[in-house]
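Letter by letter, the sequence shown follows residues 3 to 359 of the numbering used here.
Working notes, beginning with the structure itself.
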Amino acid sequence: MGSRILTMKKQAAELGRIRTGYSRPNSDPKKRPIPVKSETFVLTSHSRQYVEAAAEMWGGDVEAWTPQNQKIEQFRVITRAKSIDAIMPAGDPLSQSYEMWTGGGCARRCDGETEQLSRKPCLCLAQYGDDWHLRPPTQVCRPTSRINVMLPELPDLGVWRLESKSYYAADAIAGGVDAVLAATEGRSMMPVRMWIEQRSLVRDGKTKNFPVVMVVPRIPKLRHALSGPLSTAAALDPGSLVDRPAIEAAPVIVSDYLDDARKCRSADEVREVWHRANRAGAVDPKGSDELSQQLMQIAADIAKGIDPGTGEVGDQDEDELDEDGAVEGEIVEDDEPPTAYPAAGWPEVAQPGGGAR
């Protein structure tokens with residue numbers, strides 16, 4: 003029988019990177035290459051085979067390429083694709099942090115409150131104040147987002163890592179990924195569409211242009227993404243979701259609320275049961291449904307000293323009981339409405355205090 007090292011991360015092989023920019027040589031060879039913001043996706047890998055497959059799928063020319071500050075040659079294609087279909091694997095594929103890199107590696111990695119390497123409060127905030135993020139990246143950390151996706155049209159089983167250092171893209175990517183995780187609960191794959199959206203911002207009279215990577219579920223209709231985890235077949239072929247029924251709401255178990263109410267010892271406690279049922283959508287906020295009427299009846303009985311569990315009357319004077327020990331019946335005129343609201347007069351919404359709790 004196989005076994006695993008429990009402290010190891012069980013990650014899929016990284017086949018390559020998805021980028022939103024590249025660099026071109028500087029006219030002065032002594033200066034650093036010039037960074038270029040790409041309007042289309044750029045794919046890089048150590049494997050020429052993967053890059054060639056990407057070029058065949060999305061266009062572009064394969065070229066040898068060596069990342070800055072590295073010596074190992076890789077391969078790159080600047081595709082013609084502004085949009086790429088991918089699959090988000092199960093679990094949470096997004097990692098985000100503020101990072102500062104130097105020639106010696108990662109010097110800082112912060113979650114916005116605590117710098118993880120030194121375990122001290124955010125160093126950029128302490129040094130430059132609330133507007134620290136407006137300073138150049140040579141002085142402060144940059145928001146770094148990394149997300150792993152699978153590209154089903156390319157060879158082999160593994161993930162491609164998309165990395166962005168855009169302050170504005172960080173929020174957009176997180177929103178898209180969290181929407182997917184809310185739909186699948188992280189328990190299944192989800193087909194997604196990624197595209198590069200060009201945006202601009204005016205600050206201090208200057209216009210700043212920047213790319214933002216959008217990540218959204220790739221499905222025929224929104225309800226298909228809200229109907230729970232998907233099968234692998236559905237993730238590979240979202241079109242098969244067209245006939246997939248929407249998830250049904252869980253049935254309301256009325257008896258549970260009634261059982262809880264019968265264990266209460268005051269009308270206020272029964273009112274709290276009604277509030278709980280209201281939050282779960284099990285009652286009409288106006289109190290016109292049968293469950294609300296039953297809960298109000300139980301509250302009214304408790305107010306009269308009747309045990310809702312047994313129907314017995316407690317603390318009654320002997321002259322209020324008949325010879326069999328039962329409470330004498332109350333005579334009700336025919337024109338009196340049959341509702342059994344407690345004296346507090348539910349709902350509005352189940353006062354006192356009102357409002358949903």
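Backbone N, C-alpha and C define an ideal beta-carbon position, used for all residues, glycine too.
- In the DSSP assignment, M59 falls outside any beta strand (DSSP E) and lies within the alpha helix (DSSP H) extending over R50 to W60.
- Cβ atoms of V53 and V64 come within 8 Å of each other, at about 5 Å.
- Distances from the alpha-carbon of F43 to those of V285, Q200 and A282 put Q200 closest.
- In this structure, the beta-carbon distance from S97 to R111 does not fall below 7 Å.
- Below 8 Å, too few C-beta pairs join the segment 55 to 75 and the segment 108 to 122 to call them touching: fewer than three.
- In the three-state DSSP reduction, M191 falls in the coil class, being neither helix nor strand.
- Residue state for R34 is assigned as coil, using DSSP reduced to three classes.
- Between the segment 112 to 130 and the segment 69 to 80, the count of C-beta pairs closer than 8 Å stays below three; the two stretches do not touch.
- Here the segment 177 to 191 makes no contact with the segment 23 to 39; the two share fewer than three CB pairs at distances below 8 Å.
- R278 carries a helical assignment under DSSP once its states are collapsed to helix, strand and coil.
- When the five nearest sequence neighbours on each side are left out, the beta carbons in the same chain lying within less than 6 Å of the beta carbon of E155 are those of M59, in order along the chain.
- Apart from sequence neighbours up to five positions away, the residues of its chain that approach A56 with a beta-carbon distance below 7 Å are L45, V79, T81 and L156, ordered along the chain.
- Residue environment for T234: exposed (fewer than 16 other C-beta atoms within 10 angstroms of its C-beta).
- Taking all protein chains in view, the Cβ of I74 is surrounded by fewer than 16 other Cβ atoms within 10 Å, so the residue is classified as exposed.
- Excluding the 5 residues flanking it on each side, D286 has same chain C-beta neighbours closer than 7 Å at S294, in chain order.
- A check of alpha carbon separations from M298 across A284, A282, N280 and W276 identifies W276 as the nearest.
- In the DSSP assignment, the residues bridged to C108 are W103.
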